[in-house]
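Notes to accompany the following structure.
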Amino acid sequence: MFMSIKGMVFKIAATLAICAASLGYFSVFVPINMDEFNQYHGIICHEYQGNMFNSFRESCSDYDLAIIPGYFLPLRTFAYVGNVHSLLYYPLFKLWPAPSSARLLGIIMLFIQAILIWKIFRIDVLIVFFLLMSFMPYAFQHLVDTGPVSFQTTSIFLICYLSRKWAASLAFVKGWSWRYACALGVVLFVGVWVKLVYIILFPAIFILIGYFLAVNQGVWRDPKRLRMMLRDIGILLIISGVLIFLLLNAHERSGDRYYHEFLAAHSIPFSDHAVMGRHLCTLIKYFTNPLWSAHRIFIIDKEVTMTGLGLIALVVSFLIFSVWQLRAQRIKIGFVVLNLALFTMTFLLMVKNQRVESMHHVVLMYPFLLLALFYVMARVSAGKFMYFAAAVFICINSFLYFSLTRMAVSEITHPSLVRLNDYLNKNYSHDSIFVNVSWGMYYLKALYGEKDQCVLYMEPFDRRYMLALDPILGRTHRRALFIGRVNALSESFFEQHYKELKLDFDTGTWRVWY
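Residue numbering for the sequence shown is 941 to 1454, as defined by the working numbering.
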């Protein structure tokens, strides 16, 4: 008993240490990108009444949807992004309203994945969590979540877990098997609600669910179990289908229906070899140079690196060796083959979709690869090759993390953004209207500020926006404070229209006129 308590304390301490080290690294070495916070637009509008004055770019009503005509609800935070992550982040935001807490949410989601993988494969949750955090391209996308991706990737492991439980309940003729079908239906709906690109994962998801039902031989030989399974499949399809239909058929304020956003994605025909080849090269570089996972923050100039090729070679050799070991021990490898096939199939579907071009799209297929890897880890005896592969994996990813600390930062993600936001909150909150005139600061300022703040987004700021701003200034009795990158507004414009303004704060990249 003493040893079990001691072991539990160690695991808790080790988990907290991994979280603290990861959060510390990302806070110090990885500047923020404004798109990390656009998924929390619901909080921006709910928590700050003054932000409701922003009826311009990214206004609080821009992305409302009406499931019932005439009754609009804040179901989205962007044209093709739902408000789910606002709900997930809100409790954490109330406890710790700071940019680092948004990245902590990514760590929490990775830990949830570790728990699900432990439930599925019985691999120590601390080992799984450490490996997930060590996997730089994967972890980076969860902490700097510009997708958003963290729920969607986590949902694949959740679907795998629920499918196993569903198949097991059918095997033992448990009366509550329908509950797993209900849960799966809701998960599929929420995945689509998070972001429409999730629909690309549907073929792989349904094949994965079907695999667990197909290998459950007892169901097919027992008429009663078969009827239960068919009933549950019907429940799953009805729940997911109805909810997804209601969401996609909802009206936008323009009168269009939401599903038009998905149809706007252009599918590249396989016969168009030139376009298909160029798009394939665009996506392949995320594997041949894992540093491209950080392209929203840092300037990346190489498409192929030795670390990328080394990581690919390590994964391929590990899978080949492990599968050979499993075959020698007469352990089934169907699950490995299946998930590698789903990984490949999903990648080909992404290649066909022209709008899939960033790492936050590509990372959505990584869970299938991870399922294959953790399956063999759980079944292959830990030997010299296993320890060698783990050591090489950690070394490569450590080098990738180190490489990020030496890379040039993109102008729009300048490290001064958080410092600038803190300066604005301390000096100007009560008598100012914050007018963002260039991309990069709006979501950060609107999400993390004083309770009475009013934040607008007017880019590019011209006479049209100036005329719209004047009534707001008169109604609120506040002064305009302009936030923008260097050369976002010309000094002559200020001299002509806002003679009392002066350059107040200059980081070299960002400026404030007040």
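All C-beta atoms in this analysis are idealised placements derived from N, C-alpha and C, irrespective of residue type, glycine included.
Give the secondary structure of residue i by DSSP, where H, G and I count as helix, E and B as strand, and everything else as coil.
i       : result
Leu1441 : coil
Ser1040 : helix
Gly1022 : strand
Arg1236 : coil
Val1302 : helix
His1082 : helix
Asp1172 : helix
Val1452 : strand
Thr1017 : strand
Val1134 : helix
Ala1193 : Correcting the residue type first, residue 1193 is Arg in the shown sequence and not Ala. Coil, per DSSP.
Ser1350 : coil
Asn1211 : Residue identity differs from the one stated: residue 1211 is Ser in this sequence, not Asn. Here Ser1211 sits in coil by DSSP.
Ser944  : helix
Rounded to the nearest angstrom, what separates residue i and residue j at their Cα positions?
i       : j       : result
Phe966  : Val1084 : 9 Å
Ala953  : Val970  : 25 Å
Phe1288 : Leu1249 : It is Leu, not Phe, that sits at residue 1288 in the sequence shown. Those two C-alpha atoms are separated by around 20 Å.
Ser1090 : Met1073 : 13 Å
Ser1103 : Ile1145 : 10 Å
Leu1313 : Gly1323 : 16 Å
Val1332 : Phe1325 : 10 Å
Tyr1020 : Trp1264 : 43 Å
Ala1107 : Asp1362 : 52 Å
Ala1318 : Thr1449 : 50 Å
Asn978  : Thr1017 : 7 Å
Tyr1454 : Ala1006 : 39 Å
Ile1478 : Ser1321 : Here the chain comprises residues numbered 941 to 1454, so residue 1478 is not present and cannot be evaluated.
Phe1374 : Leu1396 : 6 Å
Gly947  : Thr1353 : 42 Å
Leu1282 : Thr955  : 31 Å
Arg1359 : Gln1393 : 17 Å
His1301 : His1417 : 44 Å
Leu1443 : Val1452 : 6 Å
His1213 : Glu1192 : 36 Å
Ile1008 : Ser1194 : 15 Å
Leu1344 : Thr1247 : 13 Å
Lys1439 : Arg1419 : 13 Å
Gln1269 : Glu1351 : 55 Å
Gly1414 : Ser995  : 16 Å
Lys1059 : Thr1093 : 16 Å
Phe912  : Ala1054 : No answer is possible for residue 912: the residues shown for the chain start at 941 and end at 1454.
Leu1098 : Trp1379 : 36 Å
Cys1335 : Phe1445 : 42 Å
Relative to the C-alpha of residue i, which residue among the options is closest?
i       : options                               : result
Ser1211 : Leu1304, Val1291, Leu1254 and Phe1287 : Val1291
Gly1424 : Glu976, Val1377, Ala1054 and Tyr1368  : Val1377
Ile1052 : Arg1119, Leu1220 and Val1068          : Val1068
Ile1173 : Asn1279, Asp1162 and Leu1153          : Leu1153
Ser1338 : His1025, Thr955, Val949 and Ser962    : Ser962
Leu1188 : Phe1227, Ile1139, Met1216 and Gly1150 : Ile1139
Ser1095 : Val1024, Arg1270, Ala1038 and Cys1394 : Val1024
Arg1171 : Tyr1120, Ser1298, Phe1202 and His1219 : Tyr1120
Ser1026 : Asp1446, Ile1412, Gln1436 and Tyr1383 : Tyr1383
Gly903  : Tyr1151, Ala1038, Leu1028 and Arg1346 : Limits of the chain in this structure are 941 at one end and 1454 at the other, which puts residue 903 out of reach.
Gln1294 : Leu1015, Gly1087 and Ile1208          : Ile1208
Leu1183 : Lys1164, Leu1124 and Asp1162          : Leu1124
Met1347 : Met1285, Lys1242 and Gly1389          : Lys1242
Val1277 : Gly990, Val1256 and Glu1297           : Val1256
Glu1201 : Val1132, Tyr1029, Phe1075 and Phe1080 : Val1132
Asp902  : Ser1298, Tyr1315 and Tyr1226          : Coverage of the chain is limited to positions 941 through 1454, which leaves residue 902 absent and any answer about it impossible.
Val1303 : Trp1232, Gly982 and Met992            : Trp1232
Ala1329 : Leu1148, Val949, Leu1251 and Leu1309  : Leu1251
Glu1297 : Leu1141, Cys1221 and Gly982           : Cys1221
In terms of residue numbering, what span does the alpha helix (DSSP H) encompassing residue i cover?
i       : result
Asn1365 : Ser1356 to Asn1367
Arg1319 : Tyr1306 to Arg1319
Asp1410 : Arg1403 to Thr1416
Asn1337 : Lys1324 to Leu1344
Thr1094 : Ser1090 to Ala1111
Met1381 : Counting along the chain, Met1381 falls outside any alpha helix (DSSP H), and DSSP gives it neither H nor E.
Glu1201 : Tyr1199 to Leu1203
Val1296 : Note, Val1296: premise wrong, no alpha helix (DSSP H); not H, not E.
Phe1069 : Val1065 to Ser1074
Starting from residue i and walking both ways along the beta strand (DSSP E), at which residues does that stretch end?
i       : result
Asn1376 : Ser1372 to Asn1376
Gly1424 : Arg1419 to Arg1425
Leu1396 : Val1395 to Tyr1397
Item checked: Any alpha helix (DSSP H) of 4 or more consecutive residues that is wholly inside the region 1136 to 1168 -> The qualifying runs are 1142 to 1154 and 1157 to 1161.
Note to self: Suppose only complete runs of 3+ residues qualify. What are the beta strand (DSSP E) ranges in the region 946 to 1014, listed by chain order?
What the structure shows: 1005 to 1008 and 1011 to 1013
Margin query: At 4 residues or longer, what runs of the alpha helix (DSSP H) sit wholly inside the region 1229 to 1282?
Written below: 1246 to 1268
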